[in-house]
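Read the structure below first, then the notes.
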Amino acid sequence: MSEALADAGPRPVATNNLEAFWMPFTANRQFKSAPRLLASAKDMHYVATDGRRILDATSGLWCVNAGHCRPKIVEAIQAQVAELDFAPTFQFGHPKAFELASRLAAMAPSGLDHVFFSNSGSEAVDTALKIALAYHRARGEGQRFRLIGRERGYHGVGFGGISVGGMVANRKTFGPGLPAVDHLRHTHDPERNAFSRGLPEHGAELADDLERMVALHGAETIAAVIVEPLAGSTGVLVPPKGYLERLRAICDRHGLLLIFDEVITGFGRLGAPFASERFGVTPDIMTTAKGVTNGTIPMGATLVSSAIYDAFMQGPENMIDLFHGYTYTGHPIACAAALATLDTYQAEGLLTRALQLETRWADAVHSLKGLPHVIDIRTLGLVAGIELEPIEGQPTARAFSAFRKAFDAGMMIRTTGDIIALSPPLIVSEAQIDEIVGTLADVIKSVA
Ligand SMILES: Cc1ncc(COP(=O)(O)O)c(C=O)c1O
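So for the sequence shown, the numbering used here puts the first residue at 21; every next one is plus one.
Shown next as C-alpha cells:
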C-alpha cells in the first residue's frame, strides 16, 4: 500500500452512489432516479431496503424454485466454501461434480446420460450448439454447420444464443451473429388460441416450417434445431398440442439434433422435473441453469445423449475429446449448492407440485379475463402470461407501469413487451396464489 493511501485512513463506502454499476437489461437512468433495492429474502418474500416485504411472484428471475434462503442450501454452500473453495476440472476432478452429474442424469429424461457444466444459461446454450456442431464433425458430417432457432426464442446473450434466438432487441444492435442460422416461425397465435388453459389447440403445423428449411437448405447442412419447450422470456408461449412431437419426428427423419432449452422449464416449473417429461418428447441435448442451484450460485448444465457423448470417445485415449470448458465448470460451491437444491426439491416434492397446483393456479389467473386491456392469458404448470393491449404509440409502457405499481404494492412481477409473466416459487401457498392474483387485478385496473 502506498504511504498516501495508508495515511488516508478508513474511507467511507459509497453505498448511495448507484452510478458505477451498469445494470443489465435495465433502463439505467430511469432506474437510478427511482431505484428498487432488495436487501434480504426468505421463502416467498424479498425485503426491500425500505423494509417493505415484497411477495416474489417470479422466483427472482425464474430461478428460485424452492423459495429464498433455504437452510439446507445455505448450509451446504457455507460448508463447501470452507472445505474446498475451488478445484480445476481441466485434467482434475472433485467428487461433488461427478455426484451431481450422476444425479442430474438419473433424474433427466432417459437417454440424457452425460452432463457438461457451465455457469449460466447462456453458456449452457453455447455449449449445446458447439457440441452439436462438433458431434456431426466427429461423425464425418462436418458439412452440417447450420443451426435453426425460432422467432421469439430466448437462448441467453452469448453470440451463439442471440444468433439462434429470436427476440429482435437482443439481436439487432450486435452485428450479424453466427452465419448459417435460420428461424422457424413462433407459435403465438392469439387469434385462434387466446385464453387457452394448458396447451393451445392450434399451431402444430407450424413445426412443418422445419421441413421447409430442410427443403431450402438441404438436411445435410443442418446440425441442430433449438427451441424452448415453453418459451418463457418472450412472454410465456405454451407449445401447441402436437407441435413438439412433430418437431421431434422431422428431426429424426433428417438426422437433425433436437435441443431443448430448459433453462426456465427445468426443475419443476411445469409440474415435472423437466418439460420434456411433461410433454413426453425427449431431445438429444438439453440445457439447464437457474433452478439447478435454486439461483444461489451461478451454474449451467448441458445434458447430452450417450450417442453424442460416445461419438467424441472414438479417438486416441490420450487426446482431449472436446476443446471446450470454463474455469468454473463444475465449481465445487455450485455443485454443493445444486446437490442441496436437489435434496430440497425431492424432500418437499417440489418437482411435481406445480402439477398439483395447476388447476388452482389457472382458475385464479384466468379470473383476470375481462379486466381492462387484458387481451390474452396463458397458463401451464406454475407459469402464466397475461398479455395487455399496448397503449397506442407506446409499446411496453402499460406493462412497465404495471410492473412499477406492483412493486409499490409489495409484489415482484416480470414484464416483456406488454406481457406480464408470473412464475412464483414452487412453495407458493394457495392463499399466496390468491394474493398474487388479487394484487395483480388491482394493478391492472390502475393502468387501464
Ligand atoms: C430459455 C433460456 N435460455 C437461456 C437463458 C440465459 O440464461 P442466463 O441468463 O443464466 O445466461 C435464459 C434466461 O432467462 C432462458 O430463459
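Think of the CB as a built atom: it goes at the ideal place given N, C-alpha and C, for glycine as much as any other residue. On a predicted model such as this, the values are computed, not experimentally measured, just so you know.
Residue i versus residue j: straight-line alpha-carbon distance, rounded
i    : j    : result
I242 : L236 : 11 Å
V301 : P293 : 13 Å
R157 : Q163 : 8 Å
L25  : L38  : Because the pLDDT of L25 is 48, which lies under 50, any placement of that residue in the model is unreliable, and the number read from its coordinates should be weighed accordingly. About 24 Å.
G413 : L75  : 32 Å
A367 : R373 : 12 Å
R123 : F287 : 13 Å
V467 : I453 : 21 Å
L362 : V312 : 8 Å
D304 : M339 : 25 Å
P249 : P108 : 33 Å
A309 : G185 : 17 Å
S325 : P196 : 31 Å
P415 : D438 : 7 Å
M432 : S60  : 14 Å
F118 : D209 : 43 Å
L58  : L149 : 35 Å
I182 : V245 : 14 Å
6 Å Cβ shell around residue i - same chain, five flanking residues per side excluded
i    : result
I464 : L391
I447 : G87
E409 : H393 and I395
R212 : H222
L460 : none
I522 : Residue 522 falls outside the range modelled here, since the chain spans only 21 to 468, and no answer is possible.
K62  : H88 and C89
V247 : R170
8 Å CB neighbourhood of residue i in its chain, flanking five on each side removed
i    : result
I97  : T316, I317, I353, A356, A357 and A360
R166 : A200, V201, D202, H237, T241, I242 and A243
R72  : G430
S22  : Below a pLDDT of 50, predicted positions are generally treated as unreliable, and S22, at 47, falls in that range; no measurement from the model is reported.
As assigned by DSSP and simplified to three states, the class of residue i
i    : result
D70  : coil
H274 : helix
F136 : strand
L198 : coil
V247 : strand
L75  : strand
I182 : helix
H203 : strand
D281 : strand
L25  : Any reading at L25 must be qualified, since the residue scores a pLDDT of 48, below 50, and its modelled position is unreliable; no value is offered.
E161 : coil
K261 : coil
A404 : strand
D50  : Reading off the sequence shown, one finds Gln at residue 50, where the question assumed Asp. Residue state, collapsed to three classes: helix.
S216 : coil
H88  : strand
S253 : coil
T435 : strand
T399 : strand
D209 : coil
R418 : helix
I411 : strand
R166 : strand
7 Å CB neighbourhood of residue i in its chain, flanking five on each side removed
i    : result
A227 : Y263, R266, L267 and I270
E378 : G291 and G401
M43  : F51
R90  : N314 and T364
T147 : F136, S138, T322 and H344
Y346 : S138, N139 and E143
Local Cβ density within 10 Å of residue i, reported as buried at 16 or more and exposed below that
i    : result
S140 : buried
A419 : buried
R49  : exposed
V188 : exposed
A422 : buried
G160 : exposed
T307 : buried
R273 : exposed
P7   : Not covered by the structure: residue 7. The range shown for the chain is 21 to 468.
A251 : buried
E143 : buried
S449 : exposed
Range of the contiguous alpha helix (DSSP H) that encloses residue i
i    : result
A469 : Because the chain in this structure spans residues 21 to 468, residue 469 falls outside the shown range and cannot be described.
I93  : P91 to E103
A374 : R373 to H386
Residue i: first and last residue of the uninterrupted beta strand (DSSP E) it sits in
i    : result
R20  : Because the chain here runs from 21 to 468, residue 20 falls outside it and cannot be looked at.
I453 : Per DSSP, I453 belongs to no beta strand (DSSP E); it is in the alpha helix (DSSP H), E450 to S466.
I440 : I439 to L442
M306 : I305 to T308
L323 : G320 to S325
A61  : L58 to K62
Any non-hydrogen atom of ligand 2 within 6 Å of residue i CB
i    : result
I284 : With respect to ligand 2, the structure shown offers nothing to examine, as its ligands consist of ligand 1.
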